[in-house]
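Trainee:
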Amino acid sequence: MSTSAVIHHLQYASLPNGTRLHYASAGQRGKPLMLFVHGFPEFWYAWEAQLAEFGQTHFAVAPDLRGFNLSSKPATVEAYKPRHLVEDLVQFIAALGYDRCVVVAHDWGGAVCWNLAIQYPALVQQLVIVNAPHPYLFARALAEDPQQQAASAYMNWLRKPGCEEVLAADHYAKLAALLSGGDAPPEWFTGETRDKYLAAWSQPGEGGSHPLTGSVNYYRASPLHPPAPGEPPPDLSRLDPEAFVVRVPTLVIWGENDRALPKSLVDGLDRFVPQLRLERIPEGTHWVVHEQPERINRLIRSALG
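Following the UniProt record's numbering, the numbering of the sequence shown begins with 1 at its first residue and continues without gaps.
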């Protein structure tokens, strides 16, 4: 494609459940829908390169999930239970006038969209996941794998009261550092991109809550986290593996240099995803969407058939 599609944002969908989702889009409504779903601590802009590319052939849409940027940001932990997050996307797809779409998701967006595809396979024509572990495999790793427990220890810190203030101090220095896993933010997080992220992180929460409360509530509401010191690991015997099978064609793209989500998390994935294609990027980090946007676009395009 020689030209980029124009991206329009400051668009809103008011859902039947009361959530108001802000979204950006590129391309013509009526063309096949592609839904791009971001993770933590991002917002729709994480998919700018994908909207510009796929808006040429599709109606490409990237919402801010609830709790992020310009979407509804309820303060309660209950509002971020997985069922509500999935319901938002089901209702959002319908609000756009569609009953089927391609779904591309990263990180927490991937966590939500694994569940979407499991529970609503008729809605998902093709699933593309970037560095987001399958829920059953992640639950098992958090319960049984000491290396994964150590890599995910940050999740328990993010569940603590008051972590928002620490993340936001000094112009969101610690939140920016999360993007690299170190003390300094990554190369892609500079200039205009940094300014846009700081503006998104600063959007007020509902009822006077901290701007980051909604986004960290994803961690507080999730049943998936490593056991805290002295806490027994969760009992997985009550989980039926068959209830976690994904019955849609799925491309999983995995940056293997991910400090929090090691490549071992895709071991055994084919058991849960019969129509699986796995593409590994050995040098890619958790933020491979930003590091190699053109490569990610090529891989997504190859999955569209």
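All C-beta atoms, glycine included, are put in the ideal place defined by N, C-alpha and C. These figures come from a predicted structure and were not determined experimentally.
Relative to the C-alpha of P226, which candidate in A139, L251, I300 and L198 has its C-alpha closest?
Mentor: Of A139, L251, I300 and L198, the residue nearest in Cα terms is A139.
Trainee: With a floor of 3 residues, list each beta strand (DSSP E) that falls wholly inside the stretch 31-118, ordered by position along the chain.
Mentor: Fully enclosed beta strand (DSSP E) runs of 3 or longer: 33-37, 59-63 and 101-106.
Trainee: Within its chain, find whatever has a CB closer than 6 Å to the CB of V61; leave out the 5 residues flanking it on each side and keep chain order.
Mentor: Cβ neighbours of V61 beyond the five flanking positions: Y23, S25 and L35.
Trainee: Cutting at 7 Å between CB atoms, please list the residues of its own chain near V289, excluding the five before and the five after it.
Mentor: Cβ within range, chain order: A46, H106, V130 and I296.
Trainee: Given a cut-off of 8 Å, decide if N115 and P82 are closer than it, judged by their beta-carbon atoms.
Mentor: Yes.
Trainee: Would you identify the three-state DSSP class for S14, choosing helix, strand or coil?
Mentor: Residue state, collapsed to three classes: strand.
Trainee: When the Cβ atoms of the stretch 68-84 are set against those of the stretch 46-55, are three or more pairs found closer than 8 Å?
Mentor: No: fewer than three Cβ pairs fall under 8 Å.
Trainee: Three-state secondary structure (DSSP) at I164?
Mentor: Note that residue 164 corresponds to Glu in the displayed sequence, not to Ile. It is helical.
Trainee: Thinking just about the alpha-carbon of each residue, which of H8, P16 and S14 is nearest to the one in S44?
Mentor: The amino acid at residue 44 is misidentified as Ser; the sequence shows Trp. Answer by Cα proximity: H8.
Trainee: How many Å lie between residue 312 and D145 at the Cα?
Mentor: Here the chain covers residues 1 to 305 and nothing more, so residue 312 does not appear.
Trainee: Out of S4, Q56 and R66, state which residue places its alpha-carbon closest to the alpha-carbon of A13.
Mentor: Nearest option by C-alpha distance: R66.
Trainee: Determine contact between the stretch 248-262 and the stretch 116-130, defined as no fewer than three beta-carbon pairs at a distance below 8 Å.
Mentor: Yes, the stretch 248-262 touches the stretch 116-130.
Trainee: Count the other CB atoms within 10 Å of the CB of M1; is the residue buried (16 or more) or exposed (fewer)?
Mentor: At M1, the pLDDT of 47 sits below 50, so the modelled position is not reliable; the number obtained from the coordinates is stated separately. Under this definition M1 is an exposed residue.
Trainee: Output needed for L167: all residues of its chain with C-beta closer than 7 Å, excluding positions within five of it in sequence on either side, in chain order.
Mentor: Closer than 7 Å at the Cβ level, and outside the excluded window around L167, lie K174, L175 and L212.
Trainee: Applying the criterion that 16 or more other CB atoms from any shown protein chain within 10 Å of the CB defines a buried residue, is D235 buried or exposed?
Mentor: Its Cβ having fewer than 16 others within 10 Å, D235 is exposed.
Trainee: Taking all protein chains shown into account, do 16 or more other C-beta atoms lie within 10 angstroms of the C-beta of N17, making it buried, or fewer, making it exposed?
Mentor: By the neighbour-count rule (16 or more Cβ atoms within 10 Å), N17 is not buried but exposed.
Trainee: Pick out whichever of Q56, R20, V103 and Q126 has its Cα sitting closest to the Cα of Q275.
Mentor: It is Q126 whose Cα lies nearest to the Cα of Q275.
Trainee: Could you check what DSSP says for V246 in three-state terms: helix, strand or coil?
Mentor: In this structure, V246 counts as coil in the three-state DSSP scheme.
Trainee: Given 7 Å as the limit, tell me if T193 has its C-beta closer than that to any heavy atom belonging to the ligand ATP.
Mentor: Here there are no bound small molecules, and the ligand ATP is not part of this structure.
Trainee: Using only the alpha-carbon positions, how far apart do F92 and L70 sit?
Mentor: Distance between the alpha carbons of F92 and L70: 15 Å.
Trainee: Tell me the DSSP bridge mates of V130?
Mentor: DSSP output for V130 lists H106 and I253 as bridge partner(s).
Trainee: Within a Cβ cutoff of 7 Å, which residues of the same chain sit near P133, ignoring the five residues on either side of it in sequence?
Mentor: Excluding residues within five positions, the ones whose Cβ falls inside 7 Å are L261 and L265.
Trainee: Report the three-state DSSP secondary structure of P148 (helix, strand or coil).
Mentor: Reading the sequence as shown, one finds Gln at residue 148 and not Pro. It is helical.
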